[in-house]
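In the working numbering, the protein residues as written are 1146 to 1708.
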């Protein structure tokens, strides 16, 4: 068959001499031939071995005899006498086992939890040292026992191997110990302890407690109200729909309840993030700063000690806190929420209009982008409207109110309050107490109420009423109007813009019935050092214009009078 102009030398030509002969018919019809020089002998090119080296069992037990199966190895260059070297290791890192140089090997205690492989070496027919390595086995395990209980309350204890324990009837206790064990509770209220390694626990019927122990364990509660102890991120809890009311107890710092499991309790000592599912969950934190989110469903969340945060997204969610249990916060997307007992702070996370109500504690209540109504209740509260046209009611206590963006209404209520309107044309009412009112930007209306108040309208054309008490008011940028009524007290205005023909700022005394005709006989304007004092005969109230040094610059044009 080697009749072409090319020929590929193969194994059959190794050691042979080779030449090529050509034949042809010349122009006179004579058959002619010619031969090449003789080449050879042909040298061998090494052929790698093919086929596979196998081990008689790829899931070996301690004490089991393993055999290297070489029947699948082939080599075009010929097979020599095999030598063997067994190795142990994990993954891709293997080392020789001293003395393990036979075709068979029996793993001992030193090989438990390690993988095995074998290397075969030989010299082929042309003197080349060849080697073939088997695939690695699974890790060597200790063969365990199979134990079976009865209808009584049994205690079954496994070995260091891979045990299978069946509790059957009765309230049983099953202890797997070391090894990758399989535990089946059966009927009754059973306790299943996996022990070391990656175990499989099946509670089956009854109210069972499943604790996988060390390793990444698979736990299936079955029917009944089951408790799962989760201490490894690889632990997997499985429950069937309608399989009772179940509880996960975890020491992990973050846990998400799986399907069909109702309750979650943190057993660690740090900060915990616990997340529920679509069921009605009970989630219990620990002594740290916990973040509890029940998810969908009517959830009950108990933070305990620490500064805890609760996510409330269903109207029937319940937050439970204890007195002295830290400074706690509810984050809610509901349109309305009232803080419960012993919970301090409330933050709206939705995008609509919100009504938030505090309690008797010192609350921090924060609105969102909508038109919010925030009520502090008792205590010294901090209310922040943020975006939208908000209404903030401090109620009792020394409160701080921040309107933010929008046209806001801020009511301090009782106590010494601080009100900051922020942007927009805001209405600030200090109420009773010694209040601080800051209008911010916009044309604001500021009412100090009773008490000795500090009022600064800020930018814009503001209307300022100090009310009863000795107030300090600031005429900032803009055309401001300061309004007075009987019993307003001894007030001071800083930055009042006055001149003989009328300034940007005005004093409204129309409530006293002073007209243009009676102005000169009713209003007394005098210099007091660097200031100007405005008063009236027989009235104890007065207005001091701080920094207005020349009383003659203040005229009737700087007043709003009765008509």
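Heads up, the beta-carbon is just placed ideally off N, CA and C, and yes, glycines get one too. The structure presented is a predicted model; accordingly, all values stated were derived computationally and were not measured.
If you count every other CB in all the chains shown that lies within 10 Å of the CB of residue i, and 16 or more means buried, which is it?
| i | result |
| --- | --- |
| residue 1563 | buried |
| residue 1194 | buried |
| residue 1173 | exposed |
| residue 1243 | exposed |
| residue 1590 | buried |
| residue 1447 | buried |
| residue 1365 | buried |
| residue 1672 | exposed |
| residue 1151 | exposed |
| residue 1401 | exposed |
| residue 1682 | exposed |
Mind reading off the beta-carbon distance from residue i to residue j? Whole number of angstroms is fine, and I expect it under 8 Å.
| i | j | result |
| --- | --- | --- |
| residue 1609 | residue 1600 | 5 Å |
| residue 1506 | residue 1519 | Rounded, the Cβ-Cβ distance is 15 Å, inconsistent with contact. |
| residue 1690 | residue 1641 | 5 Å |
| residue 1216 | residue 1268 | Not quite, the Cβ-Cβ distance comes to about 19 Å (not below 8 Å), so this is no contact. |
| residue 1585 | residue 1568 | 6 Å |
| residue 1540 | residue 1521 | 5 Å |
| residue 1393 | residue 1409 | 5 Å |
| residue 1319 | residue 1335 | 7 Å |
| residue 1326 | residue 1289 | 7 Å |
| residue 1251 | residue 1208 | 6 Å |
| residue 1696 | residue 1664 | Their Cβ separation, rounded to whole angstroms, is 14 Å, which puts residue 1696 and residue 1664 out of contact at 8 Å. |
| residue 1361 | residue 1379 | 3 Å |
| residue 1421 | residue 1444 | 6 Å |
| residue 1357 | residue 1330 | So it is not a contact: roughly 13 Å between Cβ atoms. |
Whose CA, out of the options, lies closest to the CA of residue i?
| i | options | result |
| --- | --- | --- |
| residue 1498 | 1504, 1379, 1511 and 1373 | 1511 |
| residue 1496 | 1484, 1544, 1503 and 1477 | 1477 |
| residue 1466 | 1703, 1404 and 1484 | 1484 |
| residue 1220 | 1192, 1346, 1207 and 1232 | 1192 |
| residue 1407 | 1187, 1391, 1395 and 1296 | 1391 |
| residue 1479 | 1472, 1462, 1487 and 1468 | 1462 |
| residue 1264 | 1253, 1241 and 1577 | 1241 |
| residue 1233 | 1225, 1583 and 1280 | 1280 |
| residue 1597 | 1627, 1591, 1542 and 1635 | 1635 |
| residue 1542 | 1576, 1531, 1516 and 1515 | 1576 |
| residue 1686 | 1336, 1454 and 1630 | 1630 |
| residue 1210 | 1217, 1216 and 1202 | 1202 |
| residue 1278 | 1339, 1227, 1415 and 1703 | 1227 |
| residue 1384 | 1363, 1376, 1171 and 1398 | 1363 |
| residue 1545 | 1530, 1623 and 1440 | 1530 |
| residue 1441 | 1590, 1457 and 1266 | 1457 |
| residue 1371 | 1360, 1348, 1297 and 1379 | 1348 |
| residue 1249 | 1261, 1255 and 1239 | 1261 |
| residue 1214 | 1475, 1169, 1208 and 1247 | 1247 |
| residue 1655 | 1703, 1649, 1672 and 1637 | 1703 |
| residue 1639 | 1188, 1622 and 1681 | 1622 |
| residue 1533 | 1571, 1557, 1346 and 1266 | 1571 |
List the DSSP bridge partners of residue i.
| i | result |
| --- | --- |
| residue 1176 | 1170 |
| residue 1234 | 1239 and 1260 |
| residue 1373 | 1355 and 1393 |
| residue 1445 | 1427 and 1463 |
| residue 1266 | 1228 and 1276 |
| residue 1492 | 1476 and 1511 |
| residue 1765 | The structure shown does not extend to residue 1765, since the chain is modelled only from 1146 to 1708, so the question has no answer here. |
| residue 1110 | The question about residue 1110 has no answer, for the chain in this structure spans 1146 to 1708. |
| residue 1599 | 1581 and 1617 |
| residue 1363 | 1345 and 1381 |
| residue 1501 | 1482 and 1519 |
| residue 1219 | 1195 |
| residue 1456 | 1438 and 1476 |
Does any heavy atom of the ligand FMN sit closer than 7 Å to the C-beta of residue i?
| i | result |
| --- | --- |
| residue 1530 | Among the components modelled here there is no ligand, and therefore nothing to report on the ligand FMN. |
Practice problem: Any chance you could list the beta strand (DSSP E) runs of at least 3 consecutive residues sitting entirely within the segment 1281 to 1355, in chain order? | Solution: Within the segment 1281 to 1355, the runs of beta strand (DSSP E) at least 3 residues long that lie entirely inside it are, in chain order, 1288 to 1293, 1300 to 1302, 1307 to 1311, 1318 to 1320, 1327 to 1329, 1336 to 1338 and 1345 to 1347.
Quiz item: Curious, which full-length alpha helix (DSSP H) runs of at least 4 residues does the segment 1628 to 1689 contain?
Solution: Listed in chain order, the complete alpha helix (DSSP H) runs (minimum 4 residues) inside the segment 1628 to 1689 are 1664 to 1667.
Quiz prompt | Entirely enclosed beta strand (DSSP E) segments - the segment 1545 to 1569, minimum 3 residues | solution = Listed in chain order, the complete beta strand (DSSP E) runs (minimum 3 residues) inside the segment 1545 to 1569 are 1545 to 1547, 1554 to 1556 and 1563 to 1565.
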